[in-house]
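These notes concern the structure reproduced below.
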Amino acid sequence: MDVFGQRQTQTTRTTQSQDTDPRAEALQAFREMRGLTFTVEWRRFPWTRGADLERALVGPAYLGNVALGLKDRSHWAYQSRDGRTWRYIPRAQVRRLVHEVVEEFAGFVPPLPRRP
Numbered sequence: 000m001d002v003f004g005q006r007q008t009q010t011t012r013t014t015q016s017q018d019t020d021p022r023a024e025a026l027q028a029f030r031e032m033r034g035l036t037f038t039v040e041w042r043r044f045p046w047t048r049g050a051d052l053e054r055a056l057v058g059p060a061y062l063g064n065v066a067l068g069l070k071d072r073s074h075w076a077y078q079s080r081d082g083r084t085w086r087y088i089p090r091a092q093v094r095r096l097v098h099e100v101v102e103e104f105a106g107f108v109p110p111l112p113r114r115p
């Protein structure tokens, strides 16, 4: 195969990876790597304004129903287990996202609501 044919193939692969839906890619990664099923729900995140909502990937109950949002289409974001900080992972690092979310939230049981 000539050099031009190789470049064309590489360009096609790059274009295809950029065109994929990042949520579908993350859903597939969680399913394939860990056998986890996430749902897509509408949620409010710190970067949404007013009444705006954004599609979020929401994990199962045994992962504390963690909600993953896509900030600026460049970074996955989720609130840490302590609920005080936000963690950001570049969109291209889906494997890292899966690993970190599972490590942080596996077996997490949210505290019960306090009664007045």
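Quick note on numbering that gives the first Met the number 0: the sequence shown kicks off at 0 and runs consecutively. Ideal Cβ positions, reconstructed from N, Cα and C, are used throughout, including at glycine. From a predicted model like this one, the values you see are computed outputs, not experimental measurements.
Listed in chain order, the alpha helix (DSSP H) elements of length 4 or more contained wholly in the segment 64-106 are 93-104. The Cβ neighbour count for Gly-49, taken over all protein chains shown within 10 Å, is under 16; the residue is labelled exposed.
In the structure shown, Ala-23 adopts helical secondary structure according to DSSP, grouped into three states.
The C-alpha of Asp-20 lies about 31 angstroms from the C-alpha of Val-108. For a cut-off of 8 angstroms, the C-beta gap from Tyr-87 to His-74 is around 4 angstroms, short enough to register as a contact. The bridge partners DSSP lists for Thr-38 are Val-57. For Leu-62, DSSP records a beta bridge to Phe-107. In summary, Val-39 is exposed, with fewer than 16 beta-carbon neighbours lying within 10 Å of its beta-carbon over all protein chains present. When the five nearest sequence neighbours on each side are left out, the beta carbons in the same chain lying within less than 7 angstroms of the beta carbon of Arg-33 are those of Val-97, Val-101, in order along the chain.
Taking a contact as a CB-CB distance under 8 angstroms, the pair Ala-25 and Leu-56 counts as one, their CB atoms being some 6 angstroms apart.
By the criterion of a C-beta distance shorter than 6 angstroms, Ala-76 is surrounded in its chain by Gly-68, Lys-70, Trp-85, Tyr-87, once the five residues flanking it on both sides are discounted. Around the beta carbon of Gly-58, 16 or more other beta carbons sit within 10 angstroms, so the residue counts as buried.
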